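Residues in the sequence shown are numbered from 14 upward in steps of one, following the working numbering.
Heads up, the beta-carbon is just placed ideally off N, CA and C, and yes, glycines get one too.
Please read all numbers here as calculations on a predicted model, not as lab measurements.
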Amino acid sequence: MNYFEKILDEKTKQENTIDYFTQWNYDKEIYLDVLAGVRDYYPNYTDHSNKHSEAILTNILRMFGEDGILKLSSFDLWLLLESVYLHDCGMYITREEAIKVLNDDNFKQFFYNISQDPRNPMYKYTKFFGDKYEYSDTIYHPNHDYSMRFIISSYKRSKHSEDFQKVIEWKDKLLPDRMYKILGNIAKAHGEKFSDVLKLPKKENGLGNELGHPIFIASLLRIGDLLDIDNNRFSKILIKNIESILPVDSSWHIDKHKSIEHFWIDEEKIEITAKINSGKKNYDIADITGNWFSYIEEEYNNLLHNWKRIIPKNFNKTLPTLGELKIEMVDYEYITSKKKPKFSLDINNTLSLLMGTSIYDKKEKAFQEIIQNSIDAIYLRVFEENKNQYDFNKKLKLEEIIDLFKDKKILVEINKNTNKSENDNIYNYWNISIKDRGIGIDKEHIKYIIEAGSSYKDDKKKKIIDSMPSWLKPSGNFGIGFQSIFMLTDCVKLKSKSLYSHENIEIELLKPSISNYDAGNIYYKKTFFDYKQEIGTEISFEYKTLKVTKRFTIKDTLSKEKSFLKDYISKYDALLDNDFDIGIYEVLDTLNKINMFSLIDIIVKKEKEEIILEKKLNIETYSPKEKFQISLFSNNYNHSFQDYYYKNQKVLNGPNILFFPAIINIVGFKANDVLEINRDKIKTDFKEKYTIELIEAIYKFIAEELNFQDLEENIKVQISCFYFYYKNYLKENKYKKEEVEKFFYDYKSNDFFFQSINELLKLDEFSIKINLFNSVSFHYTLNDEGITGGILGIFLSEIFEKNYYNVECIENGFLFKKTPKSEEEIINIDYDYSKLFSEFRYPGNRGRFFIYSNKLTKNLRLKEYNKLELEHSKTWIKFNNGRENMNIFFPLIERNFILFPFFVKSYNELIWNDTIKEKYIEFSYKNRLNEKLNREDIEKETDKFIENIEKEIQKIGNIKILKK
């Protein structure tokens, strides 16, 4: 008989309420049987037998002492004893209940949800029953039995605080039903919110004059239950029986209880210490232990704030002080706060997206991201170590920069796991390590690896980067950064030493997407200062490749760049060689590509033997503030386009800048602003936004960096063509270079410059003829001498800028006659309405457009395009040349044009009505070139033009003019 039973026995005899004690003795036997049966379905849970009930009572006795318990009424004592034993009886599952559960649609959904979630601790138990649970199909096996018990108990556990009602119904009752309802509400309250506890009655009449206090008894039950955390709550015999199939979360709870090293509860204080020593499980156990301590703290604070409201009038005891609830971990520690370190983003979905949408068309691309992290770290270290004795605000030559990085090489080691590879018929396994001498990582900065896309929050790093020269600034990442390594492996080990704190760290990171409960976990080991460890970071992981590749694609088969893959394939003999493992050679090619243009050397060792990589650095000088580093191709490099790089890594899809043969290294922007996520291509929106800025940077390079006179003639011509072709793209050209202008205006050759610009400017007239060269290109002549279309366009642009001309049609071309005044300039060419209307077959040529002006429409001519006043964007109004090949003298059309009056609805429908006419006249008047004309003049000219168009439409036929 425990102390509570003894006091109840004594009080009921004194008060003549013996029915309490009699009922309790009867009920206790039922409870003992029921609680013993809980183990049938909960062998993996903490002990819920009478030992648990007695532990709760002991905790209450410890907190308030014998004198405190003496103050409880006989009704309170009965309620407390009954509720302490009754509250977990709902965990008892009868055979009939189990069968009912198996046929419950809610349970079937519960089962299905688990079967689809590999990270659920119950997941592996669903596999015994197939993908779809059907009870009648189950073939008996002991593992099946326990598996289903685990799943059923997991389902029923959340409802156990209500399921005890069946036990009350089984009993013969000496006491009124009202009291059992109160008892039921108290037992139920142990699994509810504290706010629900406060809804219980404060007082309740008993059998005689005594009062019960339901809200107080429920509070004692709850705190006593939570404090039953000591390390004797599991049956060693039962656990040993199911140890091999024990749910993982059950093993955590076992270790939680085992970890209790210090346990003090009395009237003075509550204090508990857990020391966790379970290896990599430390975090999970610390997590649930921390949660349990949080429940205790929350319950204690709720009691403390409501104590006077809860306790009976005669109960003068206070709560013990809540001391420290402490968790210690052996060998491992937290990174930030007391939160289990874990990846914060569903990287599984992210990585699947990258691969599934071909953003990363090959997983080897992840090496590029990881090596870039090392390069960025080295950039930071080189700047930090040299900023006080080195002037980074001046231009540096390539040899100076190479000297800065000479002792900061990246070492990549690739070694085959021979034993594991030989025991696998499908895969080879490689141990890969990447070691850099960068800035290193400390505990504070681990969080930027854990939380994908958070590196921008690193204010300290950001401040350093802001002070660095543009060419040395790290490229940054795309939100997943380091985590892209999980495209290569399931587990990564990272060792690092920080430049700033000299703190050593060692962590192990698990892929978030692997089908396991510990997916995404991060294990942070406790380390001690090691002066021998170099500053920098080393990551190591296992990488598997197919022994025999059945399909592969080699891009750039004509490329002269070194390819380890092509060499390997060329030597492969299917008759003699067992392995055809191209995967590891694709890795070598990726590393070679990165190293080729990197300022930092990458040393690769495969099976202890160094692999020689290529190096082709080609930017000769590096400016501190320039966003674009520009260097001309060598004179023997004969082409007129560009090779683009981002931070010394070659990229594709750069802006196509005509006539300028150069290497352009983009350094003044973050990677995610410039590159697509695969780092291979420049973003379209970057080109749209910054091409003009790039063109201006090239003009600056020509004006300030280029020794024009020392260039070979063909390069001079190309640069001159660029100089004049793009000059109107800039609002103002701040970088004029007179020697370029003089050279180009005077230049002529026997190849394709038979007359110079200066000579053409002096002529009274000149002709252009255009002949179809093949189905897609034309042959141009200027005064009967051949000339390329691009050069001709530049010539005409310069000529039209200086002189005015009348234009006439001649056979296969146009004749340009000089005229002294702007107002006398005219395009003396009739409109070809058949040609014009035929273009309406294409939707892109419909709507509203500008067209050249001629004699008929001279008085409708508009002022300069850039000065037009239009309520809506004029960019939606296109230019239509109106005749074949007139685009060749577009600069002249740009100052001799009108707005076509009709709106083109379809290929054979034009719209013209009074509203459009009014708007057209208003627009043409407001934007007229000849300001001597009044509004009536414009209206007359419009009517004349409309009449002309209508006549031509009648000749053509099949064109309708609609009112709307």
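Exposure of residue i, with buried meaning 16 or more beta-carbon neighbours within 10 Å
i	result
Val343	exposed
Ser149	Model confidence at Ser149 stands at a pLDDT of 48, short of 50, so the residue's coordinates are unreliable; what they give is reported in the following sentence. Exposed: under 16 other Cβ atoms inside 10 Å.
Ser307	exposed
Arg854	exposed
Leu626	buried
Glu599	buried
Gly970	exposed
Ser642	Per the sequence presented here, residue 642 reads as Gln, with Ser not at that position. Looking at its Cβ environment, which holds 16 or more other Cβ atoms inside 10 Å, Gln642 is buried.
Leu571	Low confidence applies to Leu571: its pLDDT is 46, below 50, so where it sits in the model is not reliable enough to give any reading.
Ser611	buried
Asp420	exposed
Trp443	buried
Ala587	exposed
Asp238	buried
Leu21	buried
Ser851	exposed
Alpha carbon of residue i to alpha carbon of residue j, nearest angstrom
i	j	result
Ser350	Lys473	Legend: pLDDT at Ser350 = 49, less than 50; position of this residue unreliable, value from coordinates given subsequently. One C-alpha to the other measures close to 20 Å.
Thr558	His792	54 Å
Glu337	His318	19 Å
Gly549	Leu523	22 Å
Asp279	Gly78	8 Å
Phe910	Arg874	5 Å
Lys539	His515	15 Å
Ser511	Asn517	7 Å
Ile452	Asp698	33 Å
Ile283	Pro333	6 Å
Ile152	Phe142	With a pLDDT of only 48 at Ile152, under 50, the local geometry of the prediction cannot be trusted, and no value is derived from it.
Ile951	Gln731	46 Å
Lys606	Ile477	29 Å
Ile230	His458	49 Å
Lys271	Ala299	12 Å
Asn401	Lys456	27 Å
Glu281	Phe542	41 Å
Thr801	Phe765	7 Å
Lys868	Glu772	30 Å
Gly225	Lys321	16 Å
Limits of the beta strand (DSSP E) - the one that residue i falls within
i	result
Phe779	Glu778 to Leu785
Phe916	Phe916 to Ser919
Gly549	Gly549 to Leu559
Gln496	Premise fails: Gln496 is in no beta strand (DSSP E) and is neither H nor E.
Ala675	Ala675 to Ile679
Thr334	Thr334 to Met342
Thr286	Lys282 to Ile289
Leu522	Asn517 to Leu523
Phe721	Neither: Phe721 is in no beta strand (DSSP E) and is coded neither H nor E.
Spatially closest choice to residue i from the options, by CA coordinates
i	options	result
Ile520	Glu551, Pro487, Phe380 and Glu426	Glu551
Ser762	Leu946, Glu798 and Ile414	Glu798
Glu725	Glu717, Ile781, Ile679 and Leu645	Leu645
Ile670	Val687, Lys663, Ile708 and Tyr635	Ile708
Ile679	Phe654, Asn691 and Ala710	Ala710
Glu382	Gln662, Asn441 and Tyr44	Gln662
Asn406	Leu589, Phe593, Pro637 and Glu555	Pro637
Ile934	Lys953, Glu922 and Asn943	Lys953
Glu42	Ile31, Ser62 and Glu745	Ser62
Phe207	Cys102, Glu778 and Asn315	Asn315
Ile959	Asp40, Phe913 and Gly103	Phe913
N- and C-terminal bounds of the alpha helix (DSSP H) containing residue i
i	result
Gln122	Asp118 to Ser128
Ser96	Ser87 to Leu99
Phe418	Premise fails: Phe418 is in no alpha helix (DSSP H) and is neither H nor E.
Ile705	Thr697 to Glu717
Cys734	Glu726 to Tyr738
Glu65	A small correction: the amino acid at residue 65 is His; Glu does not occupy that position in the sequence shown. Residues Asn63 to Leu83.
Residue i CB to nearest heavy atom of the ligand NAD below 7 Å
i	result
Gly451	You won't find the ligand NAD in this model; it holds no ligand whatsoever.
Unbroken stretches of the alpha helix (DSSP H), 4 residues or longer, contained in the region 585-635 = 596-609
What residue ranges within the region 802-875 form continuous beta strand (DSSP E) runs of no fewer than 3 residues, ordered along the chain?
-> 817-823, 826-832 and 862-865
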